[in-house]
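The next block holds one structure in the form of C-alpha cells; read it before the comments.
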Amino acid sequence: MRVRKAVQAVVKNGKMFLVVRKPDLRSGRLAWRLVKGGVEKGEAPERAMLRELKEETGLKGRVGKKLHSYKYPFAGLRHDVTVFLVIAKGKPRFLDGELCGSRWVSADKALRLLKWKDEKTAIRNALNA
C-alpha cells in the first residue's frame, strides 16, 4: 500500500485552540477539524505544517513539539500523520476554498466539537505540553 505523509496542527493562542470547519471526505458532511495537509516530496514536516497553516488559514505560526502521530487507510493509501503544536495568533482567512469556517475555542469545547479520536488525543496532549 502506498503511503501519504501528512501533518496536522493543534494551533494554540494562549488557552484557546483553533478548529476549522470543512467537508469530511468520508461522509461529505461539514465537520470541525484541526488544520491538516500533505507533506510534499523533499519537504520537512515542520515546513509542511507552516505551509498548510498559511494555505488554509492565512496564519503564520511557530511549530512547537510533536504531540501525536497516527495512521489510517483511506482511498487506497496509508496516511501517516504527525501532529505538531503550533503557536499562532490572529483571525483566520479562508484562502484555499477548503474551509467553511473557524473558531478559537477552549480545550473543552474543542474536545466536544472534534469528531476523530486522534484529534482529541492531540488536544489532550497539548494541554500537558
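For the sequence shown, the residue numbers in our numbering are 2 to 130. Think of the CB as a built atom: it goes at the ideal place given N, C-alpha and C, for glycine as much as any other residue. All figures in this text were calculated on a predicted structure; none of them were measured in a lab.
* Asked: At which residues does the alpha helix (DSSP H) containing Leu114 begin and terminate?
  -> That run of the alpha helix (DSSP H) goes Ala108 to Leu114.
* Asked: In or out: Met2 buried (at least 16 other Cβ within 10 Å) or exposed?
  -> exposed
* C-beta atoms of Val21 and Glu56 nearer than 9 Å -> With contacts defined as CB atoms closer than 9 Å, Val21 and Glu56 fail to qualify as a contacting pair.
* Near Gly77, which residues of its chain fall below 8 Å by C-beta distance, leaving aside the five closest residues on each side in sequence? -> So the qualifying residues of the chain are Met2 and Arg3.
* To do: Compare the C-alpha of Leu31 against each of Glu120, Lys116 and Arg125 and name the closest.
  => Lys116
* Inter-residue Cα distance where the pair is Phe199 and Leu19 -> The shown model of the chain, from 2 to 130, leaves out residue 199, and the question about it has no answer.
* To do: Assign Ala76 to one of three DSSP states: helix, strand, or coil.
  => coil
* Asked: Going by other Cβ atoms of all chains shown within 10 Å of its Cβ, with 16 needed for buried, is Gly29 buried or exposed?
  -> exposed
* **Asp119 - DSSP class collapsed to helix/strand/coil** => helix
* Whether Leu60 touches Gly91 by CB criterion (9 Å) -> yes
* Within 10 angstroms of its Cβ, does Ala7 collect 16 or more other Cβ (buried), or is it exposed? -> buried
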